[in-house]
Amino acid sequence: MIRPDELQYLNGFGNEFETEAKEGALPIGQFNPQKVAFGLYAEQFSTTAFTMARDKNRRTWFYRIRPSAAQSDYRPFPQGLMRSGPITEVPSPPNLLRWDPLPMPEEPTDFVSSLVTLAANGSVGVQGVGVHVYAANQSMQNRYFYNADGELLIVPQQGALLLHTESGILHIAPGEICVIPRGIKFRVDLPDGTARGYIAENYGAPMILPERGPVGSNGFANERDFQAPVAAYEDIDGDFELVCKFNGGMFVCDLDHSPLDVVAWVGTSYPYKYDLSRFNTMNTVSFDHPDPSIFTVLTSQTDTEGTANLDFVIFPPRWMVAENTFRPPWYHRNLMSEFMGLIEGVYDAKEHGFMPGGASLHNCMTPHGPEAVVFEQASNADLKPQRYEDTMAFMFESRFIFEPTEFALQSTTRQREYHACYSNLKNYFREQK
Ligand SMILES: [Fe+2]
Numbered sequence: 001m002i003r004p005d006e007l008q009y010l011n012g013f014g015n016e017f018e019t020e021a022k023e024g025a026l027p028i029g030q031f032n033p034q035k036v037a038f039g040l041y042a043e044q045f046s047t048t049a050f051t052m053a054r055d056k057n058r059r060t061w062f063y064r065i066r067p068s069a070a071q072s073d074y075r076p077f078p079q080g081l082m083r084s085g086p087i088t089e090v091p092s093p094p095n096l097l098r099w100d101p102l103p104m105p106e107e108p109t110d111f112v113s114s115l116v117t118l119a120a121n122g123s124v125g126v127q128g129v130g131v132h133v134y135a136a137n138q139s140m141q142n143r144y145f146y147n148a149d150g151e152l153l154i155v156p157q158q159g160a161l162l163l164h165t166e167s168g169i170l171h172i173a174p175g176e177i178c179v180i181p182r183g184i185k186f187r188v189d190l191p192d193g194t195a196r197g198y199i200a201e202n203y204g205a206p207m208i209l210p211e212r213g214p215v216g217s218n219g220f221a222n223e224r225d226f227q228a229p230v231a232a233y234e235d236i237d238g239d240f241e242l243v244c245k246f247n248g249g250m251f252v253c254d255l256d257h258s259p260l261d262v263v264a265w266v267g268t269s270y271p272y273k274y275d276l277s278r279f280n281t282m283n284t285v286s287f288d289h290p291d292p293s294i295f296t297v298l299t300s301q302t303d304t305e306g307t308a309n310l311d312f313v314i315f316p317p318r319w320m321v322a323e324n325t326f327r328p329p330w331y332h333r334n335l336m337s338e339f340m341g342l343i344e345g346v347y348d349a350k351e352h353g354f355m356p357g358g359a360s361l362h363n364c365m366t367p368h369g370p371e372a373v374v375f376e377q378a379s380n381a382d383l384k385p386q387r388y389e390d391t392m393a394f395m396f397e398s399r400f401i402f403e404p405t406e407f408a409l410q411s412t413t414r415q416r417e418y419h420a421c422y423s424n425l426k427n428y429f430r431e432q433k
């Protein structure tokens, strides 16, 4: 197993990188020469339309041992609990929804087989997001995966992942995230034996960094902290499976060689990782609780300005200093729909019931906020500067309503009494008027 400290990365966000695992493999001054060095094949990989504006255009040239077209026909692969938007198998209730963590499987289960969809929205192939969780206890063996339906934002909660991708190798541990572009082939090893986490499958435009506006030229997630892998390849023959999610379905084909055979690449579409502890958190230094959009790490924008297909928002350790302010998140009802997860610690609006590895879903106009006990405490707290330590919650926020799957609604992990945490919010008005 490769050690994390053996891996090299290319630093930056959205840059055109070039990397070669064998010196001289990368053509110079052109992309597809008549003959590529060392008998490699040139293959262009585009994750935006050819004609996308230059600053948003994402494409990479791969120089590989065999082109991707060297594969068999696909046949159906067990769908399991993988779903895509729209979810039509059950009606979507406007309820407050919350779940316990997914238990670890008892049977040997790899990353792909462990994928479970909790909710999805929009329409696969158009816009929207799939929200999945994984809980795996086996590395992928002779099996690779790619997702034609969207890029994958992977948020580990327990156990590291070693991602062998076409572009190279990434190691991510809880507290880090990675994004795998639509179409990139990869396999997942589990260095810690087991792994659990969350995935946003973004059917929309590739995620970018949000604008900083008046904050200026630094802050939030800084470009230099994003890391792409250097080229690494496998030149091995054998019996391999390539599993694919395409138009909501799961398929598999046979390969007689590893598809991770890219010896060199140059381009703007590649997997990348980010350490959430590098997020430069902005917040009030006077009063009131700002909108959580100040914690946006990455965003998938739509044609409607300011209305994201997907925002990835974190709630990291930070100082709370607001004066004369109810410091936890306020009670609210939003247009945007909010799926939340917890990587570690305690989230400040919910001290009970929202556990690391668990999840909550508050859809469009579904009211939520601090549970009663947190309201009581925060309304009476001594407002000294206070540091929130050892916590990392996150939110997948979307313009589209997240439709929970039948599994999510009927699972034993669903907390059917979640709404009760608001039931003892008192009528103080009657006492005080
Ligand atoms: Fe919320």
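Numbering follows UniProt numbering, with no gaps: position 190 of the sequence shown is 190. Think of the CB as a built atom: it goes at the ideal place given N, C-alpha and C, for glycine as much as any other residue.
If residue i and residue j are in contact, beta carbons under 8 Å, what's the gap, nearest whole angstrom?
| i | j | result |
| --- | --- | --- |
| V313 | T296 | 5 Å |
| R414 | A408 | 7 Å |
| L276 | I172 | That belief does not hold up - the Cβ atoms of L276 and I172 are roughly 10 Å apart, past 8 Å. |
| A21 | A228 | Not quite, the Cβ-Cβ distance comes to about 14 Å (not below 8 Å), so this is no contact. |
| N309 | N202 | 7 Å |
| residue 438 | V129 | Nothing in the structure corresponds to residue 438, since the chain is present only between 1 and 433. |
| F17 | F226 | Contact flag wrong, Cβ pair sits at about 11 Å. |
| L298 | L209 | 7 Å |
| L26 | V266 | 6 Å |
Use the C-beta contact count for residue i: other C-beta atoms within 10 angstroms, 16 or more gives buried, fewer gives exposed.
| i | result |
| --- | --- |
| E166 | buried |
| E107 | exposed |
| M207 | buried |
| D189 | buried |
| G122 | buried |
| G28 | It should be noted that the sequence gives Ile, not Gly, for residue 28. Classification of I28: exposed, given that the 10 Å Cβ count is below 16. |
| P404 | buried |
| L335 | exposed |
| A136 | buried |
| E406 | exposed |
| G39 | exposed |
| P356 | buried |
| G204 | buried |
| G193 | exposed |
| I64 | This sequence places Arg at residue 64; Ile is not what is there. Flag for R64 reads buried. |
| I2 | exposed |
| T304 | exposed |
| N11 | exposed |
| Q8 | exposed |
| Q30 | exposed |
To the nearest angstrom, report how far apart residue i and residue j are at their CA atoms.
| i | j | result |
| --- | --- | --- |
| N57 | T268 | 8 Å |
| G238 | I169 | 21 Å |
| G358 | H352 | 12 Å |
| A322 | A372 | 21 Å |
| P67 | Y41 | 6 Å |
| T284 | H332 | 19 Å |
| R416 | R98 | 8 Å |
| K245 | D261 | 21 Å |
| D311 | K35 | 43 Å |
| A378 | H164 | 46 Å |
| Y198 | Y270 | 20 Å |
| P385 | F251 | 54 Å |
| F111 | D256 | 22 Å |
| S113 | V126 | 25 Å |
| S258 | R187 | 10 Å |
| I154 | N380 | 38 Å |
| P174 | F400 | 28 Å |
| T366 | V131 | 18 Å |
| A160 | T19 | 25 Å |
| R327 | M320 | 7 Å |
| G213 | G306 | 13 Å |
Taking 7 Å as the limit between beta carbons, can you name the residues of its chain near residue i, skipping five residues before and five after?
| i | result |
| --- | --- |
| W330 | H289 and G369 |
| Q44 | R59 and W61 |
| G183 | F45, T47, Y146 and A148 |
| F375 | L425 |
| V90 | E406 and L409 |
Tell me which residues share the same chain as residue i and place their Cβ nearer than 6 Å to its Cβ, disregarding the 5 neighbours each side in the sequence.
| i | result |
| --- | --- |
| M395 | V313, E338 and M340 |
| P181 | T47, E151 and S269 |
| F287 | A322, E323, N324 and T325 |
| I87 | A120, E403 and T405 |
| K273 | L170, I172, E176, C178 and Q227 |
| D100 | G358 and T413 |
Take residue i and list the residues in its own chain whose beta-carbon comes closer than 8 Å to its own, dropping the five residues that flank it on each side.
| i | result |
| --- | --- |
| S72 | C253, D254 and L255 |
| P316 | L276, S277, F279, T281, F295, T391 and M392 |
| L383 | A322, E323, N324, T325 and R327 |
| N222 | R278 and N280 |
Quick check: the region 212–227 against the region 93–107, are there 3 or more CB pairs under 8 Å? no
Would you say the region 340–347 touches the region 423–432, given that touching needs at least three Cβ pairs under 8 Å? no
Would you be able to state if there are at least three C-beta pairs under 8 Å between the region 239–255 and the region 135–143? yes
Evaluate the contact criterion for the region 380–391 versus the region 80–90: three or more CB pairs, one atom per stretch, below 8 Å. With fewer than three CB-CB distances shorter than 8 Å, the region 380–391 does not count as touching the region 80–90.
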